[in-house]
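What follows is a set of notes on a single structure, which appears directly below.
Protein chains in written order, with the numbering used here: chain A, 5 to 345; chain B, 80 to 449.
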């Protein structure tokens, strides 16, 4: 069961074009394309006749023609031509989904179309600010339930074991985490004061000396994770202090779209406030993110299988406090939504 | 037993600061008549009007001096602050009065000594005097008596925080100088800079089963235990685990009194012969009584612990746990009576009548099915 009244990332913007593309989201096969004006379209990927995926057919103008007997569907899913008979069957219709282009991504609303509001798509602050730089356009498929990924993105402690190479972890950090659960989602965060910058970030931090570091792990319902790192000159960091101009800020946006219960499409963006024109830094961040996420993927796919096939009970540890609270609240939201349907 | 029922007037002949938290008072009778003899281990009962309190306040303090001292009694009092985690509670009324207001030359009413926790001088068994913190005072008196008799082997085992609060170290070492039969072992929970192992203290941490085993050759000892409730409960468990018969263990709580008892069939009979505990000494504040029913342990809740789980572990219990953060329910435990407060909101509301002991503290007397 998934939360339906939510915007999910369907694809990178450029992946949706004048070719028919089939993508499975929340267990539903959906065909994507763009109109001649460039607007994204998402239709149920199954002709109502014999359920041949429409993605096996042909894009004709702004319509899709089934590759079996030529039923033609417009952008709203209505059959507008049935070549083999005089009259178009009155019930010939496929579901259409609200879609939107935003932040270089194509978003899809899987719930009640009447509730689809593009304003509710997550805001990316400073997106248009030229002193900031987005590193994006990458994605992975993970053969695991999406909630193992949200678990992971609410759990700072796994870094020491899973990301030995990518983030050169230096062991566990004992600074306690603050937890804040709201209707938006869960934030787990802490300021770690007076440390040497970790090796992965050291080249990116532009000021000298030791750092105060914010670790901010947030997941918004149902499955957008925001991982923010702030490195501030030692003595200037802290929960109630404004960010310094010299602070290095790196925000990682992670968009987890359930393909089905056992598979997840993982899109991400990295957003930083330094060296916007430095291609080497951009390339290094992009490569670093992909490497780290592949490390997560390998672990979480095996966790998924391990949990599925387990023959003995599993344990919950203290570190699971955040993710379990997130899951509980999401379960409640899904149940409430199902009841309303 | 020789004890007077009437209060007598005593003068503070001498007030000696043993360390930052413990002060001794040497009390001589105003009437100059001989003091009644007493059994080492017994206590004096004081009654005093204290400013700000309507009723006269009564407290008992063990005599820490030798029973052979004929012209004074010595009591040694720890200044009881408010509990660290409950600073809103009052500090120990009487102990602070003694420390701050009772000076040399002042008079105070006292009765006794009395009490049922005292050295059994009718046997020749070797003796282990096992104390925690300020609980050593009656055992110091016993130690003097045992060394004077020079008949029995004695182990004086004392646990305290560190050298800064270690009272009577020199007095005990001097007793060891007098008698080859008298041995001592000091265990500091957390030695501080300047505490030298082998000189000031012998072991670090808690007095464990292993410590007791290493010190005591196999034998039929009489044990005298005195200290705070958690210490008492833990040491009592250790002794039982080492096979000590219950009727060989005499004890007195400092702080709110509780009962140490095992009620399984094997030891039930002997529990009848355990010496009854003495009246409460040096009470400071109230705290709920926690009973771990399946383990047959009751102890006064000590607010220094973060959770009932920590408290149970300090008493030698080993409840199951996983997260210790209120999310996994592994530590869920039935409450037969009483209730708890959560320091951390559990992930799921515990079933009514159950408690997650990893993140809770008792709000009233509590009986747990543990």
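All residues carry an ideal CB built from backbone N, CA and C; glycine is no exception.
Counting only beta-carbon atoms, is residue i nearer than 9 Å to chain A?
i, result
"residue 407(B)", "yes"
"residue 427(B)", "yes"
"residue 386(B)", "no"
"residue 353(B)", "Residue placement at residue 353(B) is poorly supported in this model, since its pLDDT is 31, which falls under 50; the coordinates still yield a value, given next. Cβ-Cβ to chain A under 9 Å: no for residue 353(B)."
"residue 439(B)", "no"
"residue 289(B)", "no"
"residue 404(B)", "yes"
"residue 422(B)", "no"
"residue 397(B)", "no"
"residue 401(B)", "yes"
"residue 117(B)", "no"
Would you mind giving the Cβ-Cβ distance between residue i and residue j, rounded to the nearest angstrom? I have them listed as a contact below 8 Å.
i, j, result
"residue 326(A)", "residue 404(B)", "About 10 Å; that fails the 8 Å criterion."
"residue 30(A)", "residue 6(A)", "5 Å"
"residue 320(B)", "residue 288(B)", "6 Å"
"residue 424(A)", "residue 135(A)", "An answer regarding residue 424(A) cannot be provided, because it is not within the stretch 5 to 345 covered by chain A."
"residue 96(A)", "residue 52(A)", "5 Å"
"residue 198(B)", "residue 118(B)", "6 Å"
"residue 257(A)", "residue 272(A)", "6 Å"
"residue 299(B)", "residue 204(B)", "6 Å"
"residue 99(B)", "residue 244(B)", "7 Å"
"residue 305(B)", "residue 214(B)", "4 Å"
For residue i and residue j, I'd like the C-alpha separation in whole angstroms.
i, j, result
"residue 46(A)", "residue 226(A)", "21 Å"
"residue 161(A)", "residue 192(A)", "12 Å"
"residue 152(A)", "residue 318(A)", "14 Å"
"residue 102(B)", "residue 142(B)", "13 Å"
"residue 222(B)", "residue 254(B)", "8 Å"
"residue 81(A)", "residue 91(A)", "17 Å"
"residue 121(A)", "residue 113(A)", "9 Å"
"residue 200(A)", "residue 214(A)", "5 Å"
"residue 194(A)", "residue 110(A)", "33 Å"
"residue 371(B)", "residue 435(B)", "14 Å"
"residue 99(A)", "residue 58(A)", "12 Å"
"residue 279(A)", "residue 146(A)", "31 Å"
"residue 3(A)", "residue 166(A)", "Not covered by the structure: residue 3(A). The range shown for chain A is 5 to 345."
"residue 187(A)", "residue 421(B)", "23 Å"
"residue 78(A)", "residue 8(A)", "24 Å"
"residue 429(B)", "residue 416(B)", "15 Å"
"residue 25(A)", "residue 73(A)", "20 Å"
"residue 409(B)", "residue 400(B)", "5 Å"
"residue 55(A)", "residue 312(A)", "31 Å"
"residue 93(B)", "residue 187(B)", "13 Å"
"residue 308(A)", "residue 230(A)", "22 Å"
"residue 295(B)", "residue 301(B)", "12 Å"
"residue 268(B)", "residue 284(B)", "4 Å"
From the DSSP output, which residues share a beta bridge with residue i?
i, result
"residue 108(B)", "89(B)"
"residue 283(B)", "267(B)"
"residue 232(B)", "In the DSSP output, where bridge partners are listed per residue, residue 232(B) has none listed."
"residue 239(B)", "267(B)"
"residue 212(A)", "Answer is none; residue 212(A) lacks a bridge partner."
"residue 200(B)", "DSSP lists no partner for residue 200(B)."
"residue 44(A)", "38(A)"
"residue 139(B)", "124(B)"
"residue 379(B)", "368(B)"
"residue 211(B)", "238(B)"
"residue 302(B)", "207(B), 328(B)"
"residue 439(B)", "421(B)"
"residue 189(A)", "224(A)"
"residue 51(A)", "Answer is none; residue 51(A) lacks a bridge partner."
Do we get a CB-CB distance below 9 Å when we pair residue i with the residues of chain B?
i, result
"residue 321(A)", "yes"
"residue 325(A)", "yes"
"residue 328(A)", "yes"
"residue 332(A)", "yes"
If you follow the beta strand (DSSP E) that residue i is part of, which residue opens it and which one closes it?
i, result
"residue 372(B)", "It is not in any beta strand (DSSP E) - residue 372(B) carries neither H nor E in the DSSP assignment."
"residue 124(A)", "That residue, residue 124(A), is in no beta strand (DSSP E); it is neither H nor E in DSSP."
"residue 411(B)", "411-416"
"residue 12(A)", "11-16"
"residue 258(A)", "252-264"
The alpha helix (DSSP H) with residue i in it runs from where to where?
i, result
"residue 286(A)", "283-312"
"residue 251(B)", "248-257"
Just to make sure I have the definition right: I need the residues of chain C whose C-beta is within less than 9 Å of the C-beta of residue i. Which are they?
i, result
"residue 141(B)", "No chain C is part of this structure, whose protein chains are labelled A and B."
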